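Chains as they are written, first to last, in our numbering: chain A, 665 to 877; chain B, 665 to 877.
All residues carry an ideal CB built from backbone N, CA and C; glycine is no exception.
Given the structure is predicted, the values throughout are model-derived calculations rather than measurements.
Since the structure comes first, as structure tokens, the remarks are kept for the end.
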DNA sequence: ATATTTTTGTGAATAATATGACAATATAAC
DNA sequence: GTTATATTGTCATATTATTCACAAAAATAT
Ligand SMILES: NC(=O)c1ccc[n+]([C@@H]2O[C@H](COP(=O)([O-])OP(=O)(O)OC[C@H]3O[C@@H](n4cnc5c(N)ncnc54)[C@H](O)[C@@H]3O)[C@@H](O)[C@H]2O)c1
Ligand SMILES: NC(=O)c1ccc[n+]([C@@H]2O[C@H](COP(=O)([O-])OP(=O)(O)OC[C@H]3O[C@@H](n4cnc5c(N)ncnc54)[C@H](O)[C@@H]3O)[C@@H](O)[C@H]2O)c1
């Protein structure tokens, strides 16, 4: 098992780049085509592949179709990944209705909320009472959940998810949920992403005005 | 200038942790309180601070208020950061209406779209025709933009933004926009975040079933 | 057939990050 | 005041990630 976040993220990038290259008619690629398309170095590509036991052909590169297939298997894309979401508010609803996940083999099968005004039993993705979540997760053997509730509720929802058997959580609430041996957590903090960007924009403009001295 | 993404992200985390600690009544903190609250090691905290020239008192720790203030200045939170958004669709609308950014000193001052059905001249955050963006950015000296248009339009919007004088872009479209010397880009790919999570959930369950052999 | 070229796969070298260790020093205890 | 104690700030060390370099292998050219 490769336990390097960045490396897995690159794998997603390679997969996306490969799909573009395939659409452009490429049948095979070399590590430097792919690295170009993915914005990394060729040796990074080869090293990553080596880590996952992906092999190509000396002087022949990699067959695009096979490569996509191999990466997809590593990323679990050989089967549809069923996911639930808790908190059908603004951002939750945006995610629920996004078609792109399904195209990538990720299906949000149900949402849950505490607000009865949000319930929608017969939608493409039903929105159900929170109380039904635990049973649903157990019955459907769901392992991945998305949290889009207010920060004050996030920790509690994470605990309910973990107790129900969820093994991975994508959390959008602006609190840093801590993972355990049992549950992997990926915290997305959009304000922090903006702060990060703003820091670099400011640092950059200072560096440039310094250059002008 | 510190040019380490992770380090800036930690700074956001410290800031958030400090605000929580302050709410709990802390007047001063030590590197190990803070590291606990932020989920890093104490030496990481001190190392980061040292990098930014933040100093405390030997045996006295750091005064919470001063520390928050210093970090906020580094992150540009001493002034309101004005930001625009292009693509007032599902995810764009969720971001537009999110109150949390304003609380953190980040204000989305206007959105832009090509679909006249989306225009809303007199909303809290107006949604205007895309054609008005360039002028708006110039007049208002906006430096940061958020892209929430379909992937097919993202590259073009990024170029228009750059030409108008935008220096930093937070991109939600699932294509990897490439930064330049002039423009910093932070790509958020939510599908890739889910793929990442799913990889670790699967890898973990395999590792555990292996343990059971 | 043989030589030349191209490209992989990987171990070694380098670079980037994080942790550890501890001297310096401020505070508190006596 | 003196001693003991706690905590920072930073340099040394360890760990992790990336790039380099090149032998091995396959394809192509001669
Ligand atoms: N909207 C954004 O653009 C945005 C941006 C960054 C972060 N976030 C974060 O995402 C989260 C959701 O934001 P939002 O704007 O969608 O908020 P929202 O208020 O629109 O939606 C929250 C939803 O969660 C539901 N909810 C509340 N408590 C619950 C509970 N205990 N169990 C189940 N459901 C519960 C509410 O009924 C509501 O439907 C927040 O933590 C917010 O900080 C949102
Ligand atoms: N909705 C989600 O949850 C989600 C999740 C992951 C990624 N994304 C990505 O975010 C982006 C937006 O997704 P969405 O679901 O909000 O889509 P959407 O179709 O709801 O919204 C897109 C908006 O962009 C506008 N638009 C299109 N072309 C434009 C142009 N050239 N200039 C200005 N505006 C333009 C459209 O009029 C529309 O309002 C997409 O790239 C999508 O892949 C969305």
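Sheet register partners of residue i (DSSP bridge)
| i | result |
| --- | --- |
| residue 832 of chain B | B/808 and B/848 |
| residue 727 of chain B | B/692 |
| residue 775 of chain B | B/749 and B/791 |
| residue 721 of chain B | B/725 |
| residue 784 of chain A | A/791 |
| residue 770 of chain A | A/745 |
Rounded separation between residue i and residue j - CA only
| i | j | result |
| --- | --- | --- |
| residue 671 of chain A | residue 715 of chain B | 27 Å |
| residue 701 of chain A | residue 782 of chain A | 42 Å |
| residue 756 of chain B | residue 860 of chain A | 19 Å |
| residue 725 of chain A | residue 834 of chain A | 36 Å |
| residue 692 of chain B | residue 796 of chain A | 44 Å |
| residue 798 of chain B | residue 707 of chain B | 46 Å |
| residue 821 of chain B | residue 791 of chain B | 16 Å |
| residue 741 of chain B | residue 682 of chain A | 40 Å |
| residue 705 of chain A | residue 699 of chain A | 5 Å |
| residue 870 of chain B | residue 694 of chain B | 40 Å |
| residue 758 of chain A | residue 753 of chain B | 9 Å |
| residue 873 of chain A | residue 720 of chain A | 48 Å |
| residue 837 of chain B | residue 787 of chain A | 26 Å |
| residue 713 of chain A | residue 669 of chain B | 25 Å |
| residue 776 of chain A | residue 845 of chain A | 25 Å |
| residue 813 of chain B | residue 854 of chain B | 14 Å |
| residue 803 of chain A | residue 762 of chain B | 34 Å |
| residue 789 of chain A | residue 711 of chain A | 40 Å |
Residue j beta carbon less than 8 Å from that of residue i
| i | j | result |
| --- | --- | --- |
| residue 709 of chain A | residue 678 of chain A | yes |
| residue 747 of chain A | residue 772 of chain A | yes |
| residue 774 of chain B | residue 800 of chain B | yes |
| residue 852 of chain A | residue 841 of chain A | no |
| residue 808 of chain B | residue 832 of chain B | yes |
| residue 806 of chain A | residue 824 of chain A | no |
| residue 810 of chain B | residue 818 of chain B | no |
| residue 764 of chain A | residue 745 of chain A | no |
| residue 718 of chain A | residue 734 of chain A | yes |
| residue 673 of chain B | residue 856 of chain A | yes |
| residue 665 of chain B | residue 867 of chain A | yes |
Cβ distance (whole Å) where residue i is taken to contact residue j below 8 Å
| i | j | result |
| --- | --- | --- |
| residue 778 of chain B | residue 760 of chain B | Contact flag wrong, Cβ pair sits at about 16 Å. |
| residue 826 of chain A | residue 847 of chain A | 5 Å |
| residue 675 of chain B | residue 739 of chain B | 6 Å |
| residue 688 of chain A | residue 697 of chain A | Not really, about 10 Å apart at Cβ, beyond 8 Å. |
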